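Chemist: Using this note's numbering, count along the sequence shown one by one with no gaps and you end on 427.
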Amino acid sequence: MNAWPEEKVFKDPVHKYIYVQEPVIWDLINTREFQRLRRIRQLGTSYFTFHGAEHSRFSHSLGVYEITRKIISQFERNRFEDWPEEERLLCLCAALLHDVGHGPFSHSIETVFGEHHEEWTCRIVQGDTEVNRVLRSVDPSFPDRVASVICKTYPKEIVVSLVSSQLDADRMDYLLRDAYCTGVNYGMFDLERILRVLRPYREQIVVKESGMHAVEDYLMSRYQMYWQVYFHPVTRSSEIVLRNIFTRAKQLYEEGRSFRFLPDPLRRLFEGALDTEHYLMLDEALAQTAFAMWMNEPDPVLSDLCRRFLQRKLFKYATPAELNDELLDRLRESIRREGYDPAYYLQVDFPKDLSYDVYRSGSSTHRKPIYLLKRDGSLVEISEVSDIVRSISGTQSGKHHIYMPEPMLTPGSPFITAETEAWLKGE
Ligand code: NI
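1. For Asp-12, report the span of its beta strand (DSSP E) as first-last.
2. Can you tell which of Glu-6, Leu-346, His-107 has its C-alpha closest to the C-alpha of Ile-40?
3. Would you check if the distance between the CB atom of Ser-383 and the CB atom of Ser-393 is smaller than 7 angstroms?
4. On the DSSP bridge assignment, give the partners of Arg-41 in chain order.
5. Where Glu-284 and Leu-43 are concerned, what is the direct C-alpha to C-alpha distance, given to the nearest angstrom?
6. Assuming Tyr-359 contacts Leu-219 under a Cβ cut-off of 8 angstroms, what Cβ separation, rounded to an integer in Å, is found between them?
7. Please determine whether the Cβ atom of Asp-325 lies at a distance below 6 angstroms from any heavy atom of the ligand NI.
8. Please classify Lys-208: does DSSP put it in a helix, a strand, or coil?
9. As an exercise, report each continuous alpha helix (DSSP H) stretch of at least 4 residues that is fully enclosed by the segment 212-272, in chain order.
10. Would you report the Cα separation of Arg-375 and Val-20, rounded to the nearest angstrom?
11. With 16 as the cutoff for other CB atoms within 10 Å, does Asp-275 come out buried or exposed?
12. Measuring from the CB of Asp-387, is there a heavy atom of the ligand NI at a distance below 6 angstroms?
13. My assumption, with CB atoms under 8 angstroms, is that Gly-103 sits in contact with Leu-286. Please give the rounded CB distance.
14. Can you tell me whether Asp-168 sits near the ligand NI, meaning its C-beta is under 6 angstroms from at least one heavy atom of the ligand?
15. Does DSSP classify Leu-401 as helix, strand or coil?
16. Go ahead and pull the three-state DSSP assignment for Pro-23.
17. Is Asp-376 near the ligand NI, in the sense that its beta carbon is under 6 angstroms from a heavy atom of that ligand?
18. Within the same chain, show all residues whose beta-carbon is closer than 8 angstroms to that of Cys-91, passing over the 5 residues directly before and after it, in chain order.
19. Give, in chain order, every unbroken run of the alpha helix (DSSP H) that is at least 4 residues long and sits entirely within the segment 121-193.
20. Looking only at its own chain, which residues have a Cβ that is under 6 angstroms from the Cβ of Phe-259, when we skip the five neighbours before and after it?
21. Consult DSSP for Ile-18 and reduce its assignment to one of helix, strand or coil.
22. Does the separation of the CB atoms of Leu-372 and Glu-209 fall below 7 angstroms?
23. Look at the Cβ atom of Tyr-403, then the Cβ atom of Gln-347, and state whether they are nearer than 7 angstroms.
24. Give a yes or no on contact between the segment 295-302 and the segment 246-263, applying the rule of three or more CB pairs nearer than 8 angstroms.
25. Is the beta carbon of Asp-178 within less than 6 angstroms of some heavy atom of the ligand NI?
26. Output the boundary residues of the beta strand (DSSP E) element that contains Arg-199.
27. Report the residue from Asp-139, Ala-94, Phe-189, Val-134 whose alpha carbon sits nearest the alpha carbon of Thr-153.
28. Which residue's Cα is closest to the Cα of Val-100: Asp-144, Leu-28, Glu-54?
29. Three Cβ pairs or more, each shorter than 8 angstroms: is that satisfied between the segment 130-139 and the segment 57-67?
30. Give me the residue from Glu-239, Leu-328, Phe-246, Glu-87 with the minimum Cα distance to Phe-291.
31. Does the distance from the C-beta atom of Asp-82 to that of Pro-200 stay below 7 angstroms?
32. Following the continuous alpha helix (DSSP H) through Gln-347, name the residue where it begins and the one where it ends.
33. Out of Pro-405, Glu-115, Lys-8, which one is the CA nearest neighbour of Glu-338?
34. CB-CB under 8 angstroms to Ser-355, same chain, minus the five flanking residues each way: which ones, in chain order?
35. Assuming contact is defined by CB atoms lying nearer than 7 angstroms, are Arg-32 and Phe-58 in contact in what I supplied?
36. Do Arg-243 and Thr-111 count as a contact pair if the criterion is CB distance below 7 angstroms?
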């Protein structure tokens with residue numbers, strides 16, 4: 001371990017400064033596994049829609065650490081009895097490392113190949129890695145404890161809820177950071193105010209009653225970011241093209257086609273035989289290099305999809321008034337007539353994704369509702385007393401979008417009959 005002369009700081013656009021006060025945190029940041037997060041974007045392909053969205057999981061992870069540090073400091077300053085002070089370092093390490101297992105364009109890779117970033121996080125924390133060695137220097141059982149906080153199985157629920165709940169350090173950082181980097185101002189909320197009104201209460205973290213409006217503001221910001229950023233149709237389109245690249249490449253590999261360019265980590269990904277060593281080599285730089293090289297592969301579908309992705313020739317979308325099999329059959333037929341495979345050039349998308357729900361008032365296993373702490377010491381769930389929260393919570397209804405290459409969706413296009421076009425427009 002390094003000598004520790006004094007506190008270190010990182011300059012940060014969201015939190016101004018990030019303070020590192022423990023040598024263990026500094027050493028974790030300097031591991032090769034954590035430094036790899038610089039090469040993975042926090043928002044995947046959102047940079048196609050919002051060009052500022054180039055921020056990395058590295059900066060987000062430091063931000064989650066900093067918010068956790070501030071919450072704990074507030075608890076310690078006020079000497080709240082329900083806060084287990086001995087868990088400080090454990091919380092800070094779990095906050096810092098909660099996303100260390102993310103791969104390039106995580107959601108697409110998870111969908112196509114069934115890899116899960118949570119599992120990789122645990123493998124990196126508990127396996128033969130630099131992160132593991134730093135954690136073991138605290139205590140031989142420390143890596144397992146950090147992994148159990150991240151996997152939400154740690155017995156002290158209050159520790160888990162700090163890093164993972166409906167009002168946790170993870171969500172608070174990514175909302176502010178994503179709003180800042182995309183330039184979407186209505187994603188902002190008053191973090192300082194929320195940090196002041198959080199209270200440890202028995203086995204959970206609750207909000208002082210007077211902080212209700214600050215939490216409403218935070219949930220409104222979630223609501224805005226959900227619709228304006230996370231489910232932006234152009235971003236969805238880029239994700240569809242990306243997913244189809246991986247699906248096509250995997251299919252070609254399984255059919256025994258040889259690739260002119262296929263680095264080991266991708267080959268192992270196709271085979272379902274990734275080990276930690278190769279997983280760590282898989283970053284967005286490698287994936288994008290592969291796409292650039294695959295533009296020259298003989299398979300026309302793979303090369304076309306890679307060109308579309310790198311040159312931002314994404315699919316366009318239409319929002320049909322009513323989606324049914326007849327309309328889809330017609331579209332498939334039009335696409336086939338033009339020599340395209342509908343499996344790769346037609347996609348129906350419906351915006352739903354559990355990781356981005358706005359707020360749920362019901363209790364699920366690990367995402368408890370947000371409780372307000374009243375003066376008499378009782379708790380009330382926030383949607384029972386806030387009209388704003390009640391109106392935005394629950395499942396969000398969205399519209400189906402149909403994604404296809406542009407010429408096929410242009411008005412008057414020869415690919416689509418007048419009748420189908422009118423149908424797409426909802427006329
Ligand atoms: Ni995160």
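For every residue, glycine included, the Cβ atom is placed at its ideal position computed from N, Cα and C. The model shown is predicted, which means the values in this text are computed figures rather than measured ones.
Modeler: According to the structure shown:
1. Within the sequence shown, residue 12 is the residue found at index 12, counting from 1. First-last of the beta strand (DSSP E) with Asp-12: 8-12.
2. On the sequence shown, position 40 is the one that residue 40 refers to. Measuring from the Cα of Ile-40, the nearest candidate turns out to be His-107.
3. As a first step, residue 383 must be located in the sequence shown, where it is residue number 383. As a first step, residue 393 must be located in the sequence shown, where it is residue number 393. Yes, Cβ-Cβ distance for Ser-383 and Ser-393 is below 7 angstroms.
4. Translated into the one-based positions of the sequence shown, residue 41 becomes position 41. Its beta-bridge partners are Ser-56.
5. Numbered from its first residue, the sequence shown carries residue 284 at position 284. Numbered from its first residue, the sequence shown carries residue 43 at position 43. Computed Cα separation, rounded: 12 angstroms.
6. Taking the first residue of the sequence shown as position 1, residue 359 is located at position 359. Taking the first residue of the sequence shown as position 1, residue 219 is located at position 219. Indeed they touch by this definition, with Cβ atoms about 5 angstroms apart.
7. Mapped onto the sequence shown, residue 325 falls at position 325. Checking the Cβ of Asp-325 against the ligand NI gives no.
8. Looking up residue 208 in the sequence shown gives position 208. Correct three-state label for Lys-208: strand.
9. 212-225, 233-254, 264-271
10. For the purposes of this step, residue 375 is identified with residue 375 of the sequence shown, where counting begins at 1. For the purposes of this step, residue 20 is identified with residue 20 of the sequence shown, where counting begins at 1. Rounded to the nearest angstrom, the two C-alpha atoms are 35 angstroms apart.
11. Taking the sequence shown and counting its residues from 1, one reaches residue 275 at position 275. Flag for Asp-275 reads exposed.
12. For the purposes of this step, residue 387 is taken as residue 387 along the sequence shown, with counting starting at 1. Every heavy atom of the ligand NI is 6 angstroms or more from the Cβ of Asp-387, so no.
13. Looking up residue 103 in the sequence shown gives position 103. Looking up residue 286 in the sequence shown gives position 286. Rounded, the Cβ-Cβ distance is 10 angstroms, inconsistent with contact.
14. Stepping through the sequence shown from its first residue, residue 168 is reached at position 168. No, the ligand NI has no heavy atom inside 6 angstroms of this Cβ.
15. On the sequence shown, residue 401 is found 401 positions in, with the first residue counted as 1. Strictly speaking, residue 401 in this sequence is His, with Leu absent from that position. Correct three-state label for His-401: strand.
16. The residue labelled residue 23 in the question sits at position 23 within the sequence shown. The answer is helix: DSSP assigns Pro-23 an H, G or I state.
17. On the sequence shown, position 376 is the one that residue 376 refers to. Checking the Cβ of Asp-376 against the ligand NI gives no.
18. The count along the sequence shown starts at 1 and reaches residue 91 at position 91. If we look at Cys-91 and ignore the five residues flanking it on each side, its Cβ neighbours are Thr-68, Ile-72, Val-149, Val-159, Leu-162, Val-163.
19. 130-136, 142-150, 157-163, 169-182
20. Numbered from 1 along the sequence shown, position 259 holds the residue referred to as residue 259. Counting only Cβ-Cβ distances below 6 angstroms, and skipping sequence neighbours, we find nothing.
21. Here residue 18 is taken as the residue at index 18 of the sequence shown, counted from 1. In this structure, Ile-18 counts as strand in the three-state DSSP scheme.
22. The residue labelled residue 372 in the question sits at position 372 within the sequence shown. The residue labelled residue 209 in the question sits at position 209 within the sequence shown. In this structure, Glu-209 lies closer than 7 angstroms to Leu-372 by Cβ.
23. If you number the sequence shown from 1, residue 403 lands on position 403. If you number the sequence shown from 1, residue 347 lands on position 347. Yes, Cβ-Cβ distance for Tyr-403 and Gln-347 is below 7 angstroms.
24. yes
25. The count along the sequence shown starts at 1 and reaches residue 178 at position 178. No - the ligand NI has no heavy atom lying nearer than 6 angstroms to the Cβ of Asp-178.
26. Here residue 199 refers to the residue found at position 199 of the sequence shown. Start and end: 198-201.
27. Position 153 of the sequence shown, counted from the first residue, corresponds to residue 153. Measuring from the Cα of Thr-153, the nearest candidate turns out to be Ala-94.
28. Working through the sequence shown from its first residue, we reach residue 100 at position 100. Of the candidates Asp-144, Leu-28, Glu-54, the one whose C-alpha sits nearest the C-alpha of Val-100 is Leu-28.
29. no
30. One-based indexing of the sequence shown puts residue 291 at position 291. Nearest of Glu-239, Leu-328, Phe-246, Glu-87 to Phe-291, Cα basis: Phe-246.
31. Along the sequence shown, read from residue 1 onward, the residue named residue 82 stands at position 82. Along the sequence shown, read from residue 1 onward, the residue named residue 200 stands at position 200. Contact flag set, yes.
32. As a working mapping, residue 347 is identified with position 347 in the sequence shown. Not the alpha helix (DSSP H): Gln-347 falls in the beta strand (DSSP E), residues 347-349.
33. Position 338 of the sequence shown, counted from the first residue, corresponds to residue 338. Among Pro-405, Glu-115, Lys-8, the Cα nearest to that of Glu-338 is on Pro-405.
34. Counting from 1 along the sequence shown, the entry for residue 355 is found at position 355. Unreliable placement is indicated for Ser-355, whose pLDDT of 48 sits below 50; no coordinate value is reported for it.
35. Here residue 32 refers to the residue found at position 32 of the sequence shown. Here residue 58 refers to the residue found at position 58 of the sequence shown. Not a contact, by the Cβ cut-off of 7 angstroms.
36. One-based indexing of the sequence shown puts residue 111 at position 111. One-based indexing of the sequence shown puts residue 243 at position 243. Contact: yes.
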